[in-house]
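Peer 1: Pasting a structure here, questions to come.
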Amino acid sequence: MEQKYLHKWGILILVTLLNMVAPLSTDMYMPALPIIASDYNVSASAVDATMYAYTICTAVGILILSPISDKYGRKKILLSSLAIYGFGSFTCTTAPNIEIMIVCRVLQAIGGGGMSAIAIAIIKDCFAGKTRGVALSVVQSMFVVGPILAPIIGAWVLTFASWRAIFIVQGLFSIIMIILALFYIESIPKDEIHTGKITHTYKQIFIIAKNKNFITYLLMGSCYFAPFMGYLALSSFVYQDVFHLSPQEFSMFFAINGLVSIVGPLACIYFSKKDHKMGVQTGYLIIGAICTIMVFIIGNISAVAFLLCIIPYNITTSFQRPFVTDILLEQHDGDTGSASALINFVYTIFGGIGMIVASAPWGDFVFAYGITCAIFISAAVILWVYICKSKSIKLKGM
Numbered sequence: 130m131e132q133k134y135l136h137k138w139g140i141l142i143l144v145t146l147l148n149m150v151a152p153l154s155t156d157m158y159m160p161a162l163p164i165i166a167s168d169y170n171v172s173a174s175a176v177d178a179t180m181y182a183y184t185i186c187t188a189v190g191i192l193i194l195s196p197i198s199d200k201y202g203r204k205k206i207l208l209s210s211l212a213i214y215g216f217g218s219f220t221c222t223t224a225p226n227i228e229i230m231i232v233c234r235v236l237q238a239i240g241g242g243g244m245s246a247i248a249i250a251i252i253k254d255c256f257a258g259k260t261r262g263v264a265l266s267v268v269q270s271m272f273v274v275g276p277i278l279a280p281i282i283g284a285w286v287l288t289f290a291s292w293r294a295i296f297i298v299q300g301l302f303s304i305i306m307i308i309l310a311l312f313y314i315e316s317i318p319k320d321e322i323h324t325g326k327i328t329h330t331y332k333q334i335f336i337i338a339k340n341k342n343f344i345t346y347l348l349m350g351s352c353y354f355a356p357f358m359g360y361l362a363l364s365s366f367v368y369q370d371v372f373h374l375s376p377q378e379f380s381m382f383f384a385i386n387g388l389v390s391i392v393g394p395l396a397c398i399y400f401s402k403k404d405h406k407m408g409v410q411t412g413y414l415i416i417g418a419i420c421t422i423m424v425f426i427i428g429n430i431s432a433v434a435f436l437l438c439i440i441p442y443n444i445t446t447s448f449q450r451p452f453v454t455d456i457l458l459e460q461h462d463g464d465t466g467s468a469s470a471l472i473n474f475v476y477t478i479f480g481g482i483g484m485i486v487a488s489a490p491w492g493d494f495v496f497a498y499g500i501t502c503a504i505f506i507s508a509a510v511i512l513w514v515y516i517c518k519s520k521s522i523k524l525k526g527m
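Using the numbering used here, the first residue of the sequence shown is number 130, and each one after it goes up by one.
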């Protein structure tokens, strides 16, 4: 569907902002995690629960709301998701204890999940072929801006206001997004709109999940992504509790990591136009394995050493998300909302598991991150070896 008001670049801006919801919802209040733990008089793991509850329930929002968009349209579900997210954001500002805070974060997550999945569906609707791969990479490269700006904004808010003001900022962001989404014209092709029962859209998820090419490669990509979410859960405690940085200093370290990570999506734009994608896939898995080893060897020396250990892995993470998504979308025709839901659901669930593993009482925050990387990157390598050796798996576009 032609976008009379937003056009192609307007659509890119819309989906980019939708994808920035995740870093804004997690990274912005990361500098405040130790403060929140102190205010509520709870442990670090209890505060981390507000992060992985958000992540896991985002997956629920993805699974519920994205397939429905194949029947009722992207725009209606998008506006509903934005409204739910905004309501959850504003209620976070009044949470009297950690339990209520978690409930409010769940509301945020359900709305955020629908927004994230629908963003990919909109890209599939509006772009095709290599242009779609470039669009995914552009969105991902701008997505990196979120982790750069979010902790800086959060730390800045903390200099003159309570941590609760951070959630006011998130609520205001949802209002701006609602205004922009009103100019979006429904993009789902008429021949792809489901006219049957709503249960049909959910059945499609299971049909797509039975595609061995799709699900195996998705599991591999999700395993590689999981330690990144573990890093989000631990980084504020690593930098502030282990290396004794201030919230403002932490935000700068986090922003440096995000700024350097923009190399990943730019590299994806380059490689999306090239052959030999099998070799590219193998290459970033090797980089992840090397980074894991380095965390164990020098990660505890200083904040700078820890940052240098994780930067190459985080670059490859920002590269592999659009790279893997583009390949996955080649494995199934039609039912884009269902395919997008499954991609985002599995990625998000594995991200939540990564947070839970990283937040376990390992006794040392840096060691906990190293263990998280070792578990999930090893699993990703094993799955990739299986894909390469299997005669029954033939990935399109590789």
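We put the CB at the ideal spot given by N, CA and C, even for glycine.
A175 and I227 look like a contact to me (Cβ under 8 Å); what is the Cβ gap, rounded to whole Å?
Peer 2: The pair is a contact, with the Cβ atoms about 6 Å apart (cut-off 8 Å).
Peer 1: Can you name the start and end residues of the alpha helix (DSSP H) that S245 belongs to?
Peer 2: Segment 227 to 255, the alpha helix (DSSP H) holding S245.
Peer 1: Applying the 10 Å Cβ sphere with the 16-neighbour rule, what's the burial state of C233?
Peer 2: It is buried - the Cβ of C233 has at least 16 other Cβ atoms within 10 Å.
Peer 1: Mind reading off the beta-carbon distance from A238 to G190? Whole number of angstroms is fine, and I expect it under 8 Å.
Peer 2: So it is a contact: roughly 6 Å between Cβ atoms.
Peer 1: By alpha-carbon positions, which one of I511, H405, L192, F383 ends up nearest to K525?
Peer 2: Comparing Cα positions, the closest option is H405.
Peer 1: With three or more beta-carbon pairs closer than 8 Å as the criterion, would you say the segment 181 to 190 touches the segment 237 to 253?
Peer 2: Segments in contact, yes.
Peer 1: If I follow the unbroken alpha helix (DSSP H) through V371, where does it start and stop?
Peer 2: Unbroken run through V371: none, as it is neither H nor E.
Peer 1: Over what stretch of residues does the alpha helix (DSSP H) that includes E315 continue unbroken?
Peer 2: It is not in any alpha helix (DSSP H) - E315 carries neither H nor E in the DSSP assignment.
Peer 1: The alpha helix (DSSP H) that contains K137, what's its start and end?
Peer 2: Taken as a continuous stretch (DSSP letters only), the alpha helix (DSSP H) holding K137 covers 136 to 148.
Peer 1: State the start and end residues of the unbroken alpha helix (DSSP H) segment that holds N443.
Peer 2: Looking at the DSSP string, the run of the alpha helix (DSSP H) that includes N443 is 432 to 459.
Peer 1: According to the neighbour-count rule (16 or more other Cβ atoms, all chains shown, within 10 Å of its Cβ), is F289 buried or exposed?
Peer 2: Under this definition F289 is an exposed residue.
Peer 1: Quick one: Cα of S431 to Cα of F372, how far?
Peer 2: Taking the straight line from one Cα to the other gives about 7 Å.
Peer 1: If you count every other CB in all the chains shown that lies within 10 Å of the CB of G408, and 16 or more means buried, which is it?
Peer 2: Burial call: exposed.
Peer 1: Among A338, W491, A418, which has the Cα closest to the Cα of A470?
Peer 2: Residue A338 is the option with its Cα nearest to A470.
Peer 1: As a quick exercise: from Y313, G139, I440, pick the residue whose alpha carbon is nearest that of V392.
Peer 2: Nearest option by C-alpha distance: I440.
Peer 1: L457 and F343 - do their beta-carbons sit closer together than 8 Å?
Peer 2: Yes. Within cutoff.
Peer 1: As a quick exercise: from L192, G243, I165, pick the residue whose alpha carbon is nearest that of P225.
Peer 2: Cα-wise, what sits closest to P225 is I165.
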